[in-house]
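What follows is a set of notes on a single structure, which appears directly below.
Numbering (the working numbering), first residue to last: 19 to 751.
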């Protein structure tokens with residue numbers, strides 16, 4: 019009688035649950051469709067993304083020099099005769115006159131355009147630095163109006179106008195604006211290519227992991243929804259701060275990986291609870307209490323990791339971090355709210371089209387014989403296994419000690435790109451290419467009078483090839499305001515801007531006695547200032563990072579030792595991944611693994627920090643799932659070693675599969691011809707693979723086995739203040 023009443027009560031309850039599920043799925047579908055419709059607008063709101071640190075002295079020098087009448091070029095055009103390609107040994111006077119007339123024509127054409135703020139050339143200024151070493155080419159320098167984004171949008175029209183002015187001559191265009199636009203175009207194109215490459219591989223992987231084709235498609239649905247909904251959010255944030263277009267790629271790759279992670283752990287736990295002869299609704303509720311809690315803490319940990327990027331004053335890093343934070347939160351919300359609703363509606367159809375059904379039913383849950391054997395051997399001799407793993411990871415980390423921080427430039431483009439070829443032509447043919455010119459702005463009572471003597475001091479510095487006193491302004495009164503004397507000098511150097519020699523020269527100029535206050539700008543100064551700003555901010559960033567993650571892990575595990583162990587292990591794993599990146603991308607060894615690219619001898623600073631934070635976040639992500647399961651097993655049986663073996667056996671396959679999915683989605687970016695995308699994709703993929711296999715599979719079990727029951731020690735006063743959460747063991751009675 020009581021069972022009949024219970025059944026009668028459950029019928030309307032299940033009907034109400036299904037109605038709620040339909041409502042959630044309908045609202046989510048409408049939201050995703052709206053976000054998809056807004057996607058083109060959202061992408062248009064993103065900016066090129068600043069790579070130079072906020073308030074860097076180099077930026078102040080640039081602004082001051084511009085105020086003093088010495089602008090820096092945004093676009094540079096090289097005008098030469100087509101005959102130069104066939105014979106560069108001699109140049110008839112007629113051809114030289116034609117090139118000179120061509121440079122005049124370019125100046126005249128661009129001076130009339132509203133996008134152009136200033137334009138000058140060797141023929142209008144007599145500047146010898148604007149003439150090639152053999153005299154066959156002349157440069158036309160152009161400064162554009164507007165913001166960086168407006169300049170980037172205007173650049174193609176300005177280039178077209180310049181080409182139209184000299185139809186019979188060879189004109190090559192270069193400059194930061196063209197390089198940035200070429201990068202953004204490559205990012206958009208390579209994102210589509212990476213998605214097409216990764217999608218079929220990922221689907222096959224998910225079919226293998228889930229068995230059912232229906233279940234395999236659910237993580238893809240979660241990923242598409244998470245990435246689609248993230249774009250309008252990033253566009254809204256872009257109204258108040260810079261968000262790089264590279265953030266779209268970062269959000270797509272990371273969102274796909276996290277969606278697979280969260281969906282995989284939740285669906286696997288539902289399957290495991292169902293195998294225990296539970297009702298499907300009760301199994302879903304139990305999975306949400308266990309794996310759902312892990313998903314929530316994982317998203318919180320990733321958000322904390324990436325939020326600390328805001329302590330580093332680099333705009334592009336802020337945009338990348340915002341993309342990662344947004345897509346992590348979206349993936350967690352959709353996995354915890356929308357995915358359960360879909361599961362309720364699918365019911366038994368969830369297991370449709372399962373080619374691996376016999377094998378999947380032959381084992382309980384996701385217990386992996388391979389990882390059980392591995393964990394058994396590791397925990398039997400934890401000191402040996404852990405010691406060898408630490409030694410291997412330490413050896414991989416050694417190259418990171420000679421890392422060289424830099425900023426991406428035209429060399430990040432494929433060598434066949436027009437902007438890259440034009441920039442290489444400038445470096446080869448001109449004695450003072452714009453990227454190797456430092457702007458020195460001096461203000462003070464004696465700045466104008468002593469400019470020539472100051473020039474003599476600068477020209478004696480190492481790696482300086484020439485110095486020009488570009489402008490001197492005596493003290494006086496203008497527009498009703500008193501102004502002090504000033505001078506602007508241009509320093510040509512033989513050192514590439516991202517080398518230690520260039521950094522040393524920037525520091526030498528700043529240390530040289532000057533007739534007033536000195537500001538040093540130029541590409542080398544931007545690289546040096548950004549690297550120094552990162553070094554200064556990194557201790558604060560890492561301190562906040564460690565404190566935030568420790569707090570979250572203490573809340574999650576209700577212990578103190580395990581979180582500290584997790585951070586120590588994450589640092590070791592991170593060092594190994596970063597060391598491998600130095601070998602691959604800075605030193606250029608093993609380029610066959612990721613495809614050919616131009617080795618610059620440095621790593622892009624914002625991208626490197628983004629990889630660092632994402633890799634650490636993923637390390638904590640996998641740690642949360644593993645620790646959560648080991649803790650459940652420990653509370654169930656009370657034996658530390660048995661809990662470790664069971665925890666690794668029941669999560670090892672899942673963690674490896676989730677990491678492999680992330681590797682597929684991010685490694686597809688490594689197929690890009692753009693070195694920056696290649697670097698980010700390979701970096702995240704490498705970090706995920708090392709962490710999931712070596713660290714979660716060997717090092718963590720070894721360390722936890724060595725610590726024994728101390729893993730779960732908590733001071734009494736801390737224990738009493740932590741929230742009590744239900745475990746899977748308690749849920750299942």
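No residue lacks a Cβ here, since even glycine has one placed at the ideal position from N, Cα and C.
Assigned with DSSP and collapsed to three states, residue 697 falls in helix. By the beta-carbon neighbour count (other beta carbons within 10 angstroms, threshold 16), residue 365 is exposed.
DSSP places residue 263 in the coil class of the three-state scheme, outside both helix and strand. With a contact defined as Cβ atoms closer than 8 Å, residue 730 and residue 652 qualify at about 6 Å. With respect to the 7 Å criterion, residue 504 and residue 86 are classified as neighbours on the basis of their beta carbons.
Counting only runs of 4+ residues, the alpha helix (DSSP H) found wholly inside the segment 159–194 occupies 166–183, in chain order. Non-local C-beta neighbours of residue 50 in its own chain, meaning closer than 6 Å and more than five positions away in sequence, comprise 243 and 246, ordered along the chain. Its chain contains 201, 692, 693 and 694 as the residues whose beta carbon lies nearer than 7 Å to that of residue 430, once the 5 sequence neighbours on both sides are disregarded; these appear in chain order. In this structure, residue 79 sits away from residue 461, with a CB-CB distance that is not shorter than 7 Å. With fewer than three CB-CB distances shorter than 8 Å, the segment 616–628 does not count as touching the segment 675–691.
The distance from the Cβ of residue 407 to that of residue 712 is about 6 Å, consistent with a contact at the 8 Å cut-off. Measuring C-alpha to C-alpha distances from residue 61 to each of 158, 155, 656 and 209 identifies 209 as the nearest. Between residue 632 and residue 696, the gap from beta carbon to beta carbon reaches 7 Å or more. Approximately 6 Å separates the beta-carbon atoms of residue 184 and residue 124; this is inside 8 Å, confirming the contact. Residue 691 carries a coil assignment under DSSP once its states are collapsed to helix, strand and coil. In the DSSP assignment, residue 501 forms a beta bridge with 494. Below 8 Å, too few C-beta pairs join the segment 253–265 and the segment 297–306 to call them touching: fewer than three. Membership of residue 244 in any beta strand (DSSP E) is not indicated; the residue belongs instead to the alpha helix (DSSP H) covering 231–255.
Here DSSP, grouped into helix, strand and coil, assigns residue 614 to coil.
The three-state reading of DSSP puts residue 577 in coil, since its state is none of H, G, I, E or B.
By the Cβ neighbour-count rule, residue 284 is buried, with 16 or more other Cβ atoms within 10 Å of its own. Judged by DSSP in its simplified three-state form, residue 98 adopts strand. The segment 516–531 and the segment 287–302 do not touch, with fewer than three beta-carbon pairs separated by less than 8 Å. The three-state secondary structure of residue 78, taken from DSSP, is helix.
Beta-bridge pairing by DSSP links residue 622 to 424. Counting along the chain, residue 345 sits inside the alpha helix (DSSP H) bounded by residues 333–351.
Nearest in C-alpha terms to residue 626, of all of 173, 339 and 654, is 339. Residue 648 and residue 623 have their alpha carbons spaced roughly 37 Å apart. DSSP lists no beta-bridge partner residue for residue 38. In the DSSP assignment, residue 539 falls within the beta strand (DSSP E) that extends over 535–539.
One Cα belongs to residue 672, the other to residue 580, and the distance between them is close to 21 Å.
Excluding its 5 nearest sequence neighbours in each direction, residue 527 has C-beta neighbours in its own chain below 8 Å: 456, 458, 476, 479, 509, 536 and 538, listed in chain order.
Look at residue 88 here: in three-state DSSP terms it is coil, with no helix or strand label. DSSP lists 506 and 537 as the bridge partner or partners of residue 459. The Cβ-Cβ distance between residue 312 and residue 643 falls below 7 Å. Two segments are said to touch when three or more pairs of C-beta atoms, one from each, lie closer than 8 Å; by this definition the segment 213–226 does not touch the segment 431–447.
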